[in-house]
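Quick note: the sequence shown uses my numbering, first residue 4, plus one each step.
Reviewing the structure listed below.
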Amino acid sequence: MEWLEILERIAAGESEYTEFKRGLGDLSAIGKAICAFANTDAGVIVLGVDDGGEIVGVREDPERVQERITDFLQSGCSSPVSANMGRHHSPEGWVHWIEVRRQRGLEPLRYSGRVWVRRGRSSVEPSAAELQELYNVFGYVLTEEQAIQAAHIKDIDLQVFRRYLDTLGIETDQEPQPETEDDLRNRGVLTEVGGELHPTL
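Printed below as a string of structure tokens:
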């Protein structure tokens, strides 16, 4: 996507397919949007633009921004995310964009252990009916997730978990890799109950 196309998106404002962010921050806000766009019908995140559509520029070093985005696309969600990135230096500062593609795999993507979808201009968790429909689109049979409250992360055989990922064709030796706890949460192996993490059935 070229700069002129990004300018057109900025002029049109936020929508179901476009989201503005002033900067990267702690990545949590763009994490939800990336996951939601990938699970729904794709979209573009534009960094360096406020909610009103005014270009404010990203102050962080542009190379560092690109590096952080690349790392997140590889390991921030339950599976690597396909996306194109671009940047442009405007008079107000750097504008970066992430063009997220619609993803279809074995199951919907998760960020922070949760599935996100796009609804209007927001990235939200789907309703039970929406979640069932989404899993059906992915060809996945959804069953109710149950926490095993008597078990903890230390009870999980991580070697078996890695072998399972290998059978799915997910590379577990490619850098960067997420922290083990984050990876288990993103893939629904761990869930939080009463402030503690427990394995799921």
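Note that CB positions come from ideal geometry on N, CA and C, so glycine has one too.
Just so you know, these numbers come straight off a predicted model, no measurement behind them.
In the DSSP annotation of this structure, Phe23 is not part of any alpha helix (DSSP H); the continuous beta strand (DSSP E) holding it starts and ends at 21-24. In terms of Cβ geometry, Tyr138 and Pro179 do not form a close pair [threshold 9 Å]. In this structure, DSSP gives Arg188 a helical state, which the three-state scheme calls helix.
Between the alpha carbons of Arg105 and Asp176 lies a gap of roughly 25 Å. The C-beta distance from Ile58 to Ser93 rounds to 6 Å, short enough to fall under 8 Å. Take Asp53, set aside five residues on each side of it, and the residues of its chain with a beta-carbon closer than 6 Å to its own are Arg25, Val59, in chain order. Beta-bridge partners of Asn87 (DSSP): Glu102. Residue burial annotation: Asp44 is exposed, with fewer than 16 other C-beta atoms found within 10 angstroms of its C-beta. Under DSSP, Ile58 shares a beta bridge with Val52.
In this structure, Val47 keeps its C-beta atom at 9 Å or more from the C-beta atom of Arg71. Taking the Cα positions, Gly108 is about 35 Å away from Gly55.
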